[in-house]
Every structure is written in C-alpha cells, then in structure tokens.
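Student: Residue numbers (UniProt numbering): 2 to 838. Each residue gets a CB set at the ideal place from its N, CA and C atoms; glycine is no exception.
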Ligand code: ANZ
Ligand code: ZN
C-alpha cells in the first residue's frame, strides 16, 4: 500500500521552494497585490503550538491568494527586544543579544520545518541596528513634529524588574511580568502624543468593517470618550491661592442631586491640606497604595477623608462637604467630581458609608416618589426635585445646564478621553536606545541623523539590578551635537511596543538609508489581512494605528489605518493531568487504559483536569517539533485547521492528530489513482467537484478553514466511492490543488507523481464551471399516508404523472402498499408524492 513519507518529502520540497525563491514577493509585479501578515513572534526560545495555528492560518490564505493570481507578501520576523532576554542574562549569565539570536535561529528552523510560504528574504529582527536605527530616525521625526515630549510624571515603578511600566502593564496593581506590587515614582519620561489622535483613532474604528466587533469595542472603551460639562465650584474657604474646584461630569443633568464633592489624593487641594494635616497625609498615602485600574475602583471599598471644607452649589447656593476619596483618579478629567449618590453607584456606596444625603433627581414614569435603595438609578427618565429642570428628559436637561453654565461663565461643555499619552521610556538595556543627548546648556538634543544608529554597547553586565546603560563606563559620555560641550546620552530605551508599531511597514520596503520608501510601502499597504492573538486587541493594535497616523500626519505615508482586515484566532488547549500527589503531569507521562488515565511506568491513577490553554506551568503542552517528527508538517497543519472554527479554542487531542495523519494517507492513496486514460463522464461527481472548488475558495477567503476542510473531506469521500471515469481522474487531480494551501508538501509530492509540470505552489486554483454549481436534480420524498417511505432522485421539473409513476415503483412504497391501490395521489412538483389509501 502507498504510504506517504513526510519526513523525506517535507525536507525535499522545502529545499525546492527555498532554492527557487518561490515565495519571494516582487515589488514590481503588476498582479493584484495581497499582504498577508501574522503577528511576528517574540523569540522566547521555541515555537509553541499557538504559533503553529496562527501561522498555518495565514499560510493557507497566502498560498491560496498566490494560486488565484495575486502577488503575495507574506513575511516573517522577530519582535526581538524585551525583558525576557535581560532576565535570561541575569539568571544564566548570557548576553541578551546572544540569547535572542540563538533563539531566533532555533525558531526559524522550526518554522521552516512547517513549510510556510514565507518570503525569508525580508526577515527582520527588531534588535538589530539596521532595524532600530530607522526607528530612531522616526522617533527624531516625531520629536521634530511635536509628537514627542518629555515630562516629569508619576510612573508605575516595578520594584522587582526595576522599571517603569505602562498603565496597561499594571494588572490589579501588580507588574504584569513580576507580579510585584507597583509603586508610584516621579521620573522624567518621554511620551508619544497618542492623545492628539484620540478622536481620530475612535472615528477610524468605524471604517474597519473587517475587524471583529469585540476588538473595536475594546479599543473604543480604551480610548474612552466622554462628553459632559467641566465647571467650577467656589470653595467656602480658599486653600492658599486656590479658591475654586474644577470638576468634570458626564451627567450635568443630575446637578441638583449633588450632595458632596470629592477629590483625588494627589489633587493640589489635597496636597496643600495634607501639609498641615498628618491624618490626611496618611490617608493619601494609603490611597496611593491601591491600583487605579477601573475594575478595581469599582470593587474596592470606598474610603474618604472629610476635609472640613465645603463647595458652593452653583444653583442652590447650598454648601456641599468636600472629601478626599480613594475612588477619584488624579489623571482623569480634573481629578475632582461632584458626587450624585442617587445616580452613580460609587457615589452611593460612599454616601451610605459616610451618611451623606441621597436624593433622586431622575425618575422613570411612576417612580417619581420612590427613594433610592442600595442601587443607583442610571436609566432614562424625567428630571425631578431639580427646580427649573423638572420635567425635562436627561439629554434636554444636560443641554440646559451646560447652556446656563456657559452663559454664567462658570463652566463649559467639554469632552474628556480616558486615553493617556504613551510613556515610552524604559530603564532597560535590551531595547532601542532613545536617540537624544542631554546637555546642561542646550537641554535634550536629538542625535543628528547622520550619527544614527545609536548602537547598544555590547560590553554590559547584569550582575546588579538597574539599567546597565546607565552604569556603562563610557557609552553615555558624548559631546553635545549643538554646542560641543560634554554631555550625556539618554540611557532609557523605547518600550518594545514601539518596535512592533511599524515592522509591517519595514517588511514592505527595506532601504538601507531610510526607514522605508513611500512608494513601495503604498504598493503593499495597508495590510489586507492581519492575524494574531486577541491578547493584542488593545495595546499593540492601538499603538500601530497611532504610529501609522503619526507617519501620515508627518507626510510620510498616505493612509491612516495599517490593517484593513483583522482576525483574532482562538487558543490551542489541552487536557490537564495531576498525579495522586497533586503535581501537574505532562501528556507524554500519562496514558489511557480503557476509560482510565494512568502514569506511564508506575501505573498510578491520574486525575484528568479541565481542558485549558497550553501552558508550561500546567505542563499540558505538546511540542511542535515532536509532533512534526512523528506525523510530518502536513498532518499537523491540517489538524490546526480542522475541527474548530478558527476564532474558537482548538483542543489538541491525540485522536485528532491521528485522524489528520490518516486523512493525509487516504489522500496520498487516492492521488495514486489519477488515471489519465480513464474514460466516461460522472455528472454528479463533476457537480460535487465544482461545488467544492467554489465552496472551499469562499471558505478560505472568509477564513473559515474548518468549513473548507469539511468540504474537502466530503469530496474525498465522494471520489473514493466513485467508479473510474475521466471525471474521477479530474477530481483526483483537482483535489491535489484544493489541499495545496493546507498540506503543501503532500500536494507537491502528488503533483509531481501525477506527472504535472511545475510546482503546485505556483499552479492556478482550478476553474469553476458555473453551470455545474446549479443543482439540476432534486430528491423527491415518497410518502404513504404522510409517512416517508422512500425517496427518488429526478431531474428538476419532472412532470407530475412521471413523478407518480416513479413513486409507485419505489421499492419501499411497493412494500408498504402491499398490493393496495391508492385512493388519491398528491404531487408537489420537485418536492413530494403522497399516496392516500
Ligand atoms: C456627576 C455624575 C452623576 C457622574 C451621575 C456620573 C453619574 P465616564 O463616563 O467614565 O467618563 N468622574 C469624573 N472625573 C473622575 C475622576 N477623576 N475619578 C473618578 N471619577 C470621575 O465617567 C465620568 C463620570 O465619572 C463623571 O460624571 C464623574 O461623575 C466621574 F449620575 O459626575 B459624574
Ligand atoms: Zn549643548
């Protein structure tokens, strides 16, 4: 029996593709262009199964597009800066560069073994000067364009990793990597002005109709646009120079329900008061300890400190007590709020705790006289207990209060964004050096472009925590480019999200002397299809959208959105196993015995746990290398694409991969049966084939790979069952083309074996005969007394009396009638025949 030998065939075809540069993308081609991109990996050491799934999907689309006449750009590179390399340096005493480059070599070899149709000539690694030097040039452009600034600011300080973290790297008050409690520190930091594009980043989401809604919603929430009123309360007693308190509210309509005001612990008024009030000082310190993530603010216990001061209500003239409260953030709005307990849950929790007034000012019909319980009312309704606003709807009332505040000169309608500028300074070695020189006389001076790249020094040590660039004996000592005086290099490096914010542009065009060539970039970009993990739904995608806009703003490119199509794939999961002692066990340490699972060797019973994302900590991982060695690349790729819809999780199972392996061999046997001399037509197989060609093409374009796979299974079944004919041989040949995007090595092997010329990778997708797509046969239900007894297949539009005759002759109808003559025969053309006896 014919058996496919993947280990031999995989390597052979990979060498052919390499040698012929089959997947090299041409900038000058006049075919329609297609840019297919998967999120580039961090070179952590080895490829994991999530990469395999991600890249298998992109590869199917890339190969399919090539077969349909596109010039395809499908590149690969390495997001190579970042902390794990420094951690490795500290733990294993290796250089971050050496560690990273050897990981890249390993992972490149692993990817090559999977036979991805990648243009390796464009490979890049962000840790090399020929990449980050150009990033430095772009940074300088942004500096010149006013999109970069330096600011003393409170930062999240990770005391374990000894670095500043972006807000989004702080999860529940802890560093995202170290898990250490984050502290606040003041440092001079570089910022990129992403807020300048806040409204535009929000508006742009509306144009992204090929993005998942959930990702757009996450971005929308992250940008967080709020429209409302900013206004000033007068303080009953000034605090030093400060006589007024500015607040921001999205619900100015509820102003008559305000029963107190609250400020953040870092608000200037709080800071001034704390100087003379030790108890307040202590309270403010306590507030600074806790995180500032929205979810945390919602759930943490509300705490406040009564300042003893009051603010004057602008309409009623009444005094409202002023608190310092832990639920008010300093860096949102004005860092101060008017609190309306009836209609804001945080305010209500606080008011109940400190026994402050709670009044309803908005009511749904019939609820006008109802009090407020433990739940703030945030729904629609009419204003009550609100003087001149009574009877107005919420929106009308908002407008009226804003109008009066503006005429009265004590407030203005305003818009506030949750989005903050992007702090990019990191006190780390393994990142892009920020190309700036600090001079006592000239301040922060950009490194002249002809001196780029500012290259990282190689001779650094990691034996003590902190930034090795800072303590390097010579690296930072340079002369000021402006005045020539002795000066110092900036020793901070860029957040690695900067590196991934433009790599897709550099893939398209890689001149030596500049970051990119505009004309070439615009041939390829925007990226038509971007594929990656949903964990990047906010930060990476937002920063890349910002960076692209910044380039557009500076006149360097002509488009704003980098990725027109986005797809976020699900994870690969696996059962988890635990020993009797409760230790996690790896899949290769356990085996099934009947319906039990036991430890290999000892036979001890194993507890089978939940199916979860593969992770090292739970040991439920399978190593791509092992399974490729066992089954070959194609079976692995095929499994990655079958079974689950690509956006859902895919449970890895032994049975699943074995099923894929069996299918690869079934195809291989079938490919041996493409007998060119076979004669005769099989109309129904022709139809099945053309419907499959059409359907698989649509499914691949829609990234519904599992559906494409299912259709190929069906066609394979049909071909296997069909009698030899010219149609069957044609179907076998076409099948090799249909599976080429998914199982390319098998397809090449079959193609050559069938005596076809050239590579499958370069062959055209088979044509569809539209005439064969329409069903011209129908199945008629044959019923006796309304019960289905048999079916007949007839040409569409068969006449009534012919249907009658055929139904009466159907074997199961004859048996049921048992000689009886029907009293009545009801015929619905193309549908059914019902015999009444
Ligand atoms: C009065 C009010 C009444 C409010 C009401 C809400 C409901 P979003 O929609 O998220 O933008 N706020 C303003 N600045 C704040 C800060 N620095 N820290 C904490 N809370 C702050 O939220 C805007 C609302 O959050 C504002 O509207 C303000 O409370 C509060 F029934 O003002 B509101
Ligand atoms: Zn100078």
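1. Any idea which residues DSSP pairs residue 172 with across the strands?
2. Which value, in whole angstroms, describes the spacing of the CA atoms of residue 22 and residue 525?
3. Does the beta-carbon of residue 839, which I'm using as the reference point, lie nearer than 7 angstroms to any heavy atom of the ligand ANZ?
4. If distances are taken between C-alpha atoms only, which option among 513, 703, 268 comes closest to residue 245?
5. May I ask whether a heavy atom of the ligand ZN can be found less than 7 angstroms away from the beta carbon of residue 445?
6. Which class does residue 386 belong to by DSSP, given the choice of helix, strand or coil?
7. Are the beta-carbon atoms of residue 349 and residue 359 separated by less than 8 angstroms?
8. Per DSSP, residue 192 forms a beta bridge with which residues?
9. Residue 615: which of 53, 433, 672 sits nearest, CA to CA?
10. Have a look at the DSSP bridge pairing and note the partners of residue 585.
11. Would you say the region 13 to 20 touches the region 106 to 125, given that touching needs at least three Cβ pairs under 8 angstroms?
12. Confirm the yes/no value for this check: CB of residue 481, any heavy atom of the ligand GTP, distance under 7 angstroms.
13. With a Cβ-Cβ cutoff of 8 angstroms, do residue 79 and residue 42 count as a contact?
14. In or out: residue 601 buried (at least 16 other Cβ within 10 Å) or exposed?
15. Taking 7 angstroms as the line, does the beta carbon of residue 159 fall inside it for any heavy atom of the ligand ZN?
16. For the beta strand (DSSP E) that residue 416 lies in, which residues bound it at each end?
17. Please report how far the alpha carbon of residue 351 lies from the alpha carbon of residue 379, in whole angstroms.
18. Looking at the secondary structure, which residues open and close the beta strand (DSSP E) in which residue 337 lies?
19. Residue 786: buried (16+ other C-beta within 10 angstroms of its C-beta) or exposed?
20. What distance in whole Å lies between the Cβ atoms of residue 618 and residue 679, which are believed to be in contact at a cut-off of 8 angstroms?
21. Roughly how far, in whole angstroms, is the beta-carbon of residue 532 from the beta-carbon of residue 481, given that I think they are within contact range, below 8 angstroms?
22. Measuring straight from C-alpha to C-alpha, what distance separates residue 323 and residue 309?
23. Judging by CA-CA distance, which residue of 513, 507, 821, 304 is the nearest neighbour of residue 453?
24. Alpha carbon to alpha carbon, how far is residue 238 from residue 262?
25. Does DSSP put residue 270 in a helix, in a strand, or in coil?
26. May I ask you to report which of helix, strand or coil DSSP gives residue 327?
27. Any chance the CB of residue 306 is under 7 angstroms from a heavy atom of the ligand ANZ?
28. Measuring only the C-alpha atoms, how far is residue 805 from residue 829?
29. Using DSSP bridges, identify the partner residues of residue 246.
30. Can you give me the Cβ contacts of residue 783 inside the same chain, cut-off strictly under 7 angstroms, excluding the 5 residues immediately before and after it?
31. DSSP has residue 534 in a bridge; who is on the other side?
32. I need the DSSP call for residue 88, collapsed to helix, strand or coil.
33. In terms of residues, what are the limits of the beta strand (DSSP E) holding residue 478?
34. Does the beta-carbon of residue 442, which I'm using as the reference point, lie nearer than 7 angstroms to any heavy atom of the ligand ZN?
35. List the endpoints of the continuous beta strand (DSSP E) containing residue 785.
Tutor: This is what the structure gives:
1. DSSP, once it has assigned bridges, lists 175 as partnering residue 172.
2. 19 angstroms
3. Shown here, the chain extends from 2 to 838; a query on residue 839 therefore has no answer.
4. With distances taken between Cα atoms, residue 245 lies closest to 268.
5. no
6. Three-state result, residue 386: coil.
7. yes
8. In the DSSP secondary-structure assignment, residue 192 is bridged to 150, 424.
9. For the residues 53, 433, 672, the minimum Cα distance to residue 615 belongs to 53.
10. 579
11. yes
12. The ligand content of the structure shown is limited to the ligand ANZ and the ligand ZN, which means the ligand GTP is not among them.
13. Yes, the pair counts as a contact, with Cβ atoms nearer than the cut-off.
14. exposed
15. no
16. 412 to 418
17. 16 angstroms
18. 337 to 340
19. Burial call: exposed.
20. In fact, because the Cβ distance is near 57 angstroms, the residues do not count as touching under 8 angstroms.
21. Actually they are not in contact, since the Cβ atoms of residue 532 and residue 481 sit about 46 angstroms apart, beyond 8 angstroms.
22. 7 angstroms
23. 513
24. 14 angstroms
25. helix
26. In the three-state reduction of the DSSP assignment, residue 327 falls in the coil class.
27. no
28. 10 angstroms
29. 234
30. 790, 791, 792, 793, 808, 811, 814, 834
31. 570
32. helix
33. 478 to 480
34. yes
35. 778 to 785
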